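Asks: In our numbering, the protein residues as written are 160 to 896. Heads up, the beta-carbon is just placed ideally off N, CA and C, and yes, glycines get one too. None of these values were measured; they are calculated from a predicted model.
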DNA sequence: CGGTAGAATATTTTT
DNA sequence: TATTCTACCG
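1. The alpha helix (DSSP H) that contains residue 650, what's its start and end?
2. Can you check whether the CB of residue 355 is closer than 8 Å to the CB of residue 274?
3. If we require 4 or more residues per run, which alpha helix (DSSP H) segments fall completely within the segment 418-484?
4. Helix, strand or coil for residue 416, going by three-state DSSP, please let me know.
5. Would you report the Cα separation of residue 174 and residue 302, rounded to the nearest angstrom?
6. Below 8 Å on the Cβ atoms is my guess for residue 478 versus residue 193; work out the distance and round it to an integer in Å.
7. For residue 563, collect the residues of the same chain with a Cβ closer than 6 Å to its Cβ; drop the 5 residues on either side in sequence, then sort them by chain order.
8. Need the endpoints of the beta strand (DSSP E) that residue 753 sits in, please.
9. Count the other CB atoms within 10 Å of the CB of residue 251; is the residue buried (16 or more) or exposed (fewer)?
10. In chain order, what residues of the same chain lie with their CB nearer than 7 Å to the CB of residue 278, ignoring the 5 residues before and after it?
11. Cα-Cα, which of 412, 452, 396 is closest to residue 436?
12. Whether or not the segment 391-410 and the segment 741-759 are in contact is what I'm after, with contact meaning three or more pairs of Cβ atoms, one per stretch, closer than 8 Å; do they touch?
13. Between residue 675 and residue 469, which are expected to be in contact by the criterion C-beta below 8 Å, what is the C-beta distance as a whole number of angstroms?
14. Okay, do the segment 622-642 and the segment 531-545 touch, 3+ Cβ pairs below 8 Å being the bar?
15. Can the beta-carbon of residue 770 be found less than 8 Å from the beta-carbon of residue 806?
16. Would you check if the segment 417-433 and the segment 380-400 touch, i.e. whether three or more CB-CB distances between them fall below 8 Å?
17. Can you look up residue 535 in the DSSP assignment and give me helix, strand or coil?
18. Can you tell me whether DSSP reads residue 642 as helix, strand or coil?
19. For the putative contact between residue 521 and residue 732, defined by C-beta atoms under 8 Å, what is the C-beta separation to the nearest angstrom?
20. Nearest to residue 385 by alpha carbon, out of 666, 185, 730, 641?
21. Strictly by DSSP, which residues pair up with residue 249?
22. If residue 219 and residue 248 are in contact, beta carbons under 8 Å, what's the gap, nearest whole angstrom?
23. Measuring alpha carbon to alpha carbon, tell me which of 187, 314, 358 ends up nearest residue 401.
24. Going by other Cβ atoms of all chains shown within 10 Å of its Cβ, with 16 needed for buried, is residue 746 buried or exposed?
25. Nearest to residue 535 by CA position, among 497, 551, 561, is which residue?
26. Whose C-beta lies closer than 7 Å to the C-beta of residue 339 among residues of the same chain, with five residues either side of it excluded?
27. Check whether the segment 601-609 and the segment 683-692 are in contact - that is, three or more C-beta pairs closer than 8 Å.
28. Report all residues from its chain with a CB closer than 7 Å to the CB of residue 177; omit the five preceding and five following residues, and keep chain order.
29. Would the beta-carbon of residue 560 fall within 8 Å of that of residue 660?
30. Where does residue 334 land, buried or exposed, given buried means 16+ other C-beta within 10 angstroms?
31. Have a look at 179, 387, 518, 648 and flag the residue whose alpha-carbon is nearest the alpha-carbon of residue 716.
32. Can you tell which of 511, 260, 528, 624 has the C-alpha that lies nearest to the C-alpha of residue 540?
33. Once the 5 residues before and after residue 499 are set aside, which same chain residues still bring their CB inside 7 Å of it?
34. Determine, using beta-carbon pairs with one atom in the segment 690-703 and one in the segment 639-651, whether at least three such pairs fall under 8 Å.
35. Rounded to a whole number of angstroms, what is the C-alpha to C-alpha distance between residue 551 and residue 230?
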């Protein structure tokens, strides 16, 4: 997919801005790289240039957004330099590079180098356990929410100790009926530490702490990393930025590359201000703007520009294309999601029988669940497609089960792994027993494994039958632990046989199990491949799987690509279809309530449009099947923002046969009717930023308008009463300005 | 303790 | 709708 791009660029000579950015090696550098501006080439050429002027590969630190990008770049740099030391560049994601550093320095942060990594599922389960243990009301303490708040705090470098001193945050918790948040947070961190486990965020914040608290260690890395380069800087968070500041402090050779208009990961802590404020934080920053788009037609660039102009927080730049003007962008309205999938498939079907390949086309959507309707349409026409993302191979239950055993072999104290498999396959150790063991472990301040593997087990009130089952389990684990230095393929074989996972799946008639066994077979294959590599220890295998979950597809088959817009970042296709442009879906429900989030959704659409090289098609449906029922939809507000000079508005075809569609029309009409009635209650004269006076609360400014649940609500910041949400139907107020 | 049926909940996005 | 969680009975 990116081949088109590289070919196109390679045939061009570098422009003056690109050359300047490549050659400016000393001091802080910021490269603002618009979509399709040859960013990857500039990065690879820049690193190649560094090596050419005599910088050692091991003195270069290059951080990328995905491991896949890192691998590709290393390969390209190698192609340019033809220097085998290229492979010694420290290039990878923040997470994988820092995991490597932390393993080397584990003792300093109270861990051992065999620590294992909790993924989000592990983390949420742990939070859920803690909430249960504290007997907290589940209505107010939702494990997912609590974990996301923990993650947010960590990414903003607010550990439990700092949190405790932060009165505003504590007050916020009280207000939200979550006064025990800090207690959960503290316990969570304690249990991770005790289990010798790090979660994704720990990989960042522990590195940050390591450097803060141990100047001599920091110094050695400062000396090593003389040249630092960060790709996709717009999507870094505070923790990442802080680490870079520390490592880069000595040499100041920090080069950040990114595009603020493509910042789309704030939900996981990315802070767009890192890039917006870079020039203020570092001194003597040299800034380069890559504004020429080599990828897309002028029409596509113009539409994208007209949209992003609505964002206030951005770095000024003018993206332009000198390619063909190209076709206008298509905008199509559909009756419902099914018709959307059907017609898009029809359009693509026609194009691939004439002059395009399947791989020229990509369908992008906001949420994974939208893929279903599209799939149906494509399948009906027999068009091959591939869905990217969804739950990855390594997140499947059967794989995670086996991985849990493997993690335990490496780190006996990985409690989440142990709890996962202590009774899988079932061996008569149920929840009551597990809870008793956990209580004892808590009492003795030990992990579950330490408790099982000690005389403490004798002090637990359980029947001797149960106790024997635990002992049997313990002995089986100990046998497995012996495998630690075996070939990993052999280890996995031992695990799947000794534990009885394979025989359980074989004997159980559930038809799903066939697939599961096949997946386990896949795991065997990847282990075999891995065991042929240089550093094929079990811990490296687990590490790689924990941090690099992408599985490469090996077949070169032709297919249409289906993916979320987030996943399309960095890619490009001649033909791009962006579906489901409806309020509440794109922009998402939640983001419609906040200006900042809305700006991010707008950037997301900007990213989507700029994936397209020749032709972009936008679409929306008036009715959409969601959560098991039909809901009425209205076209996305973004569609009112784009410049229609560059858009071709297509009406739905008249003779399209809707009788095939099995959607209960009566239901449909009713929904629309209700909605219409409600609409009449909407006040059209209110706007964000207006000053109003309320008969009780006095003067205030409208800071938000929300119509998401059918009622028009305004959020008003009152001078004397603070922020209030009012229903415009009932509230008595007058507009002043 | 184990299995299952029915309830509850979710749809943003992921290293 | 699809998935995951909880409560209850054997």
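Replies: Answer, in terms of the structure:
1. 647-657
2. yes
3. 432-435, 437-440, 457-467
4. strand
5. 51 Å
6. 4 Å
7. 576, 579, 580
8. Premise fails: residue 753 is in no beta strand (DSSP E) and is neither H nor E.
9. buried
10. 705
11. 396
12. no
13. So it is not a contact: roughly 48 Å between Cβ atoms.
14. no
15. no
16. yes
17. helix
18. helix
19. 4 Å
20. 185
21. 220
22. 5 Å
23. 314
24. buried
25. 497
26. 293, 295
27. no
28. 197, 201, 449
29. yes
30. exposed
31. 518
32. 511
33. 493, 532, 738, 778, 780
34. yes
35. 19 Å
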